[in-house]
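What follows is a set of notes on a single structure, which appears directly below.
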Amino acid sequence: MSEESTDLDSSLRENRVFPPPAEFAAKAQVKSLEQYETLYRQSVEHPEEFWGEAAQELEWFSPWTKVMDGEAAHTKWFVGGKLNLSHNCVDRHALGARRDKVALLWEGEPGEVRKLTFGELHEQVQRLANVLKSLGIRRGDRVAIYMGMAPELAIALLACARIGAVHSVIFGGFAAQAISDRVNDSSCVAVITQDTSYRRGSEVQLKAIVDEALKKCSTVRNVVVFRRSGSPIKMQPGRDLWWHEEMEKAAPACVAERMDAEDPLYLLYTSGTTGKPKGLLHTTGGYAVQTYLTSKYVFDLRDDDVYWCTADIGWVTGHSYVVYGPLLNGATVMMYEGAPNWPECDRFWKIVDDHKVTIFYTAPTAIRAFTKWGSAWVEKHSLASLRLLGTVGEPINPESWMWYHRMIGKERCPIVDTYWQTETGAIMIAPIPGAVAAKPGSATRPFFGIVPEVVTKEGNPVPDGHGGLLVMRKPWPSMARTIYGDQARYEATYWSEVPGSYFTGDGARRDADGYFWLMGRVDDVINVSGHRLGTMEVESALVAHPKVAEAAAVGRPHEMKGQAIAVFVTLEGGHQPSEELRQELRHWVAKEIGALARPDDLTFTQALPKTRSGKIMRRLLRELATTGEVKGDTTTLEDFTVIAKLREGDE
Ligand code: WTA
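If you read the sequence shown in this note's numbering, its first letter stands for residue 2, the second for the next number, and so on.
In structure tokens, the structure reads:
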């Protein structure tokens with residue numbers, strides 16, 4: 002079990018219960034616990050009926066013959082069904098009653114506001130789809146997208162989906178090397194980017210970083226550049242094209258491709274336990290149905306909502322709950338380009354009031370930052386439009402939950418703590434807000450059709466109240482179908498650890514009321530401010546530095562970030578530790594991967610603790626990084642003196 006499960010203590014003590022506010026429940030889609038439990042029972046007893054009925058709410062070009070087929074890693078959903086997600090997110094509303102309803106409501110960091118109706122979005126998506134086609138991009142081709150939070154980013158995803166191209170969004174905070182790796186792994190034929198993006202008052206040089214990355218990529222034929230700031234950039238003739246020029250030339254209508262339910266929709270790279278991020282592949286039909294349905298029920302979406310998920314589209318939360326899920330529901334989606342503390346620490350609350358946001362979905366790490374900045378920033382604003390709050394990405398500590406509940410929700414808004422993963426595609430465990438009472442720090446109960454369980458490594462159920470591994474006993478529609486180019490790794494990582502089940506990589510405990518309490522990762526994945534990083538990725542970056550011999554990275558608890566990265570480094574002969582080298586190495590990692598991977602602590606040591614078989618004992622390093630000493634079992638250590646050396650370690 003992970004030694005970083007510090008939330009366990011507080012969650013064991015936590016026994017406050019917050020029932021759905023009566024006023025909220027009265028208008029909610031699911032109004033009572035009994036209703037939730039009845040629906041849940043039906044959904045797991047008759048999954049084909051349940052998901053089949055949900056799927057009817059979307060538009061299919063032709064129906065499926067079977068709702069699900071096969072089992073475990075090989076499950077297929079909506080077999081034979083044909084649909085298009087761009088059609089379902091946009092056309093269905095634009096050609097119906099929502100033509101003039103705002104689809105995307107955007108605010109730039111400098112303060113400008115843009116509103117795109119479903120009708121306008123429809124035209125933009127079709128034009129861009131034609132631009133992509135004119136570049137020879139076909140069904141199944143991979144297209145990398147590296148942009149800031151502009152409406153054009155959502156348009157880019159939807160245009161790819163329209164023509165059946167597989168988008169691979171790379172978070173705008175990643176460095177050039179991370180882009181090259183991802184582009185090459187799936188042989189992308191084009192990149193969509195923008196000149197620069199605004200962040201905390203300065204400009205992120207997105208296009209220049211793409212130029213750097215593409216020096217190592219031979220498969221990319223074209224780069225489409227959206228002009229956001231107008232700042233000068235280099236355009237490479239023959240390869241680079243301006244978005245606005247091509248859009249003007251493009252025809253305004255583009256028929257959506259008839260995609261098979263199991264055709265790929267997108268790739269999204271995420272960190273695992275090896276040095277190489279894996280490209281999780283999501284497909285069309287099942288992903289559509291579950292993102293649609295979870296948005297509808299967990300956020301209790303109504304037609305007059307202004308829905309704001311603060312995640313960047315570069316992460317899975319942005320894919321499923323900025324773009325696909327809410328747009329499938331025809332919701333008005335708020336998007337904000339910049340930092341929460343620009344120009345001041347109340348920017349989010351100002352946006353909520355200015356745009357009358359009704360649903361606000363963010364990460365615990367952001368809430369911890371708001372708490373630290375102080376309540377005065379919140380009190381300047383009314384927040385009266387809010388009716389529902391959400392969190393995602395990491396366990397929320399009960400103190401932050403209480404602050405969120407009082408200061409932002411004014412004790413009036415239910416909070417949905419949503420547990421899921423890049424791999425699951427959509428929410429798996431979360432309260433249905435009008436029906437299930439919240440307990441601060443718990444993601445509560447499973448979504449319809451989802452069967453989580455806490456088990457031992459052998460797959461045996463663990464009694465309620467005890468910690469174990471979190472698995473999913475049954476497949477679900479939006480699960481990732483494979484790791485791009487590595488089916489064997491997909492099956493080994495997720496479907497073999499615990500026989501017969503999907504293994505999440507998380508530790509959890511279920512209480513007597515059937516509530517799930519997440520306890521953190523049990524593998525070598527760290528969660529820094531809600532962003533996943535593999536310890537091996539950080540280590541690989543470090544050993545790529547000429548002065549580094551060996552490196553070990555571990556996570557340790559961090560008050561603001563959830564977890565911080567602590568690394569232990571041994572140097573190549575002839576090099577001496579110094580403060581200068583420490584800074585150089587921290588900077589190096591940020592340059593190799595991205596700023597979010599910059600180690601918080603860096604300890605120089607003469608040796609790393611290893612087992613006799615040569616495995617680095619991360620457990621001991623975690624203990625040392627967390628408490629400053631090592632008390633755990635060291636009997637398997639190959640060299641006992643290494644612990645003393647580590648403690649002296651820092652020069
Ligand atoms: C963690 C983000 C506790 C968990 C959607 C998971 C959570 C990993 C929660 C996935 C939550 C996510 N409570 N832990 N509500 N949500 N996690 O792929 O460790 O970026 O395995 O997907 O975040 O992170 P990912």
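Beta carbons: idealized from backbone N, C-alpha and C, even for Gly.
Values in this document were obtained by computation on a predicted structure and should not be read as measured data.
For residue i, the three-state DSSP class (helix, strand or coil)
i                 : result
histidine 588     : helix
isoleucine 644    : helix
aspartate 354     : helix
tryptophan 65     : coil
histidine 245     : helix
aspartate 418     : strand
proline 265       : strand
arginine 128      : helix
leucine 471       : strand
serine 181        : helix
methionine 618    : coil
asparagine 89     : helix
histidine 532     : strand
phenylalanine 175 : strand
tyrosine 41       : helix
proline 432       : coil
threonine 628     : helix
serine 169        : strand
arginine 163      : helix
tyrosine 503      : strand
alanine 29        : coil
valine 114        : strand
threonine 637     : coil
leucine 519       : strand
alanine 251       : coil
Presumed contact (8 Å Cβ cut-off) between residue i and residue j, rounded CB distance
i              : j              : result
lysine 440     : tyrosine 516   : 6 Å
valine 452     : leucine 470    : With a Cβ gap of about 15 Å, valine 452 and leucine 470 do not count as contacting.
aspartate 261  : lysine 83      : 6 Å
isoleucine 527 : isoleucine 566 : 6 Å
isoleucine 299 : isoleucine 314 : The sequence shown places valine at residue 299, not isoleucine. Not confirmed; about 19 Å, so no contact.
isoleucine 210 : alanine 177    : 5 Å
tyrosine 1     : glutamate 110  : Past the boundaries of the shown model lies residue 1; the chain is included only from 2 to 652, so the question cannot be answered.
methionine 520 : threonine 274  : Not quite, the Cβ-Cβ distance comes to about 18 Å (not below 8 Å), so this is no contact.
tryptophan 316 : asparagine 342 : No, tryptophan 316 and asparagine 342 are not in contact; Cβ-Cβ is about 20 Å, not under 8 Å.
valine 114     : glutamate 108  : 5 Å
threonine 359  : glycine 326    : About 16 Å separates the two Cβ atoms, so there is no contact after all.
Spatial neighbours of residue i in its chain, beta-carbon cut-off 6 Å, leaving aside the 5 residues before and after
i                 : result
phenylalanine 227 : Glu153, Gln195, Trp244
histidine 88      : Ala257
arginine 143      : Val167, Ser169, Ser187, Cys189
serine 541        : Gly276
arginine 613      : Glu639
tyrosine 322      : Cys310
arginine 619      : Val555
Cut-off 8 Å between Cβ atoms - residues of its own chain near residue i, not counting five sequence neighbours on either side
i              : result
tryptophan 378 : Glu345, Cys346, Asp347, Trp350, Phe371
asparagine 223 : Leu136, Val190, Ala191, Val192, Arg240, Asp241, Leu242
lysine 475     : Val45, Pro48, Gly450, Ile451, Val452
leucine 34     : Ala436, Val437, Ala438
lysine 32      : Ala26, Gly435, Ala436
leucine 207    : Tyr147, Met148, Gly149, Gly173, Thr194, Gln195, Asp196, Thr197, Ser198
Opposing strand residues paired with residue i [DSSP bridges]
i                 : result
isoleucine 484    : Leu281
cysteine 310      : Tyr362
isoleucine 210    : None; isoleucine 210 has no bridge partner.
methionine 336    : Trp107
tyrosine 199      : Glu204
glycine 508       : Leu470
aspartate 70      : Lys77
phenylalanine 605 : Val570
glutamine 564     : Pro558
glutamate 459     : According to DSSP, which records beta bridges pairwise, glutamate 459 is partnered with nothing at all.
valine 226        : Thr194, Trp243
Beta-carbon contacts of residue i that lie in its chain and below 7 Å, excluding the five residues immediately before and after
i              : result
glutamine 36   : Ala436
tryptophan 421 : Ala427, Ile428, Met429
lysine 357     : Val307, Ser386
alanine 130    : Ala160, Arg163, Ile164, Cys255
glutamate 506  : Before going on, a small fix: residue 506 reads as glycine here, not glutamate. Cβ within range, chain order: Arg522, Val523, Asp524, Val526.
alanine 481    : Leu281, Leu282, His283, Glu424, Gly426
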